[in-house]
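A short write-up of the structure that comes next.
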Amino acid sequence: MQKINLYRYEEEDGSITITPKKRNETDTPYKKRLIVDEGYILTDGEIETPCIDIDFSDENKWNEVSSINEEV
């Protein structure tokens with residue numbers, strides 16, 4: 005699973021930019037993006053998704069599990 009820090013910037017025109025590119029060394033991350041590896045899916049027990057932007061405090065709520073359903 006990839007874990008990417010995201011940064012939030014308010015532009016001069018009032019628009020908001022969310023990007024993984026840090027503009028200054030002093031910038032602090034806004035959120036974290038979780039991206040699964042091929043053949044996996046993220047789940048919190050209710051939601052399943054291949055990618056999600058989360059608060060740092062929610063990182064332990066998400067698990068990467070195999071998306072291949074094995075028939076018994």
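Basically this note's numbering = 1-based index in the sequence shown + 4. Just so you know, even glycine gets a beta-carbon here, dropped at the ideal spot from N, CA and C. Remember, predicted model here, so these are calculated numbers, not experimental data.
{"Query": "Sequence ranges, beta strand (DSSP E) only - wholly within the segment 20-67, length at least 3", "Result": "20-23, 35-39, 44-47 and 55-58"}
{"Query": "Residue span of the beta strand (DSSP E) that contains E14, given as start and end", "Result": "Q6 to E14"}
{"Query": "Buried or exposed by the 16-neighbour rule on C-beta atoms within 10 Å, applied to V40", "Result": "buried"}
{"Query": "Neighbourhood of T21 by C-beta distance below 7 Å, restricted to the same chain and skipping five residues each side", "Result": "Y13 and E15"}
{"Query": "Neighbourhood of K26 by C-beta distance below 6 Å, restricted to the same chain and skipping five residues each side", "Result": "Y11"}
{"Query": "Beta-carbon proximity check, Y44 vs S70, cutoff 8 Å", "Result": "yes"}
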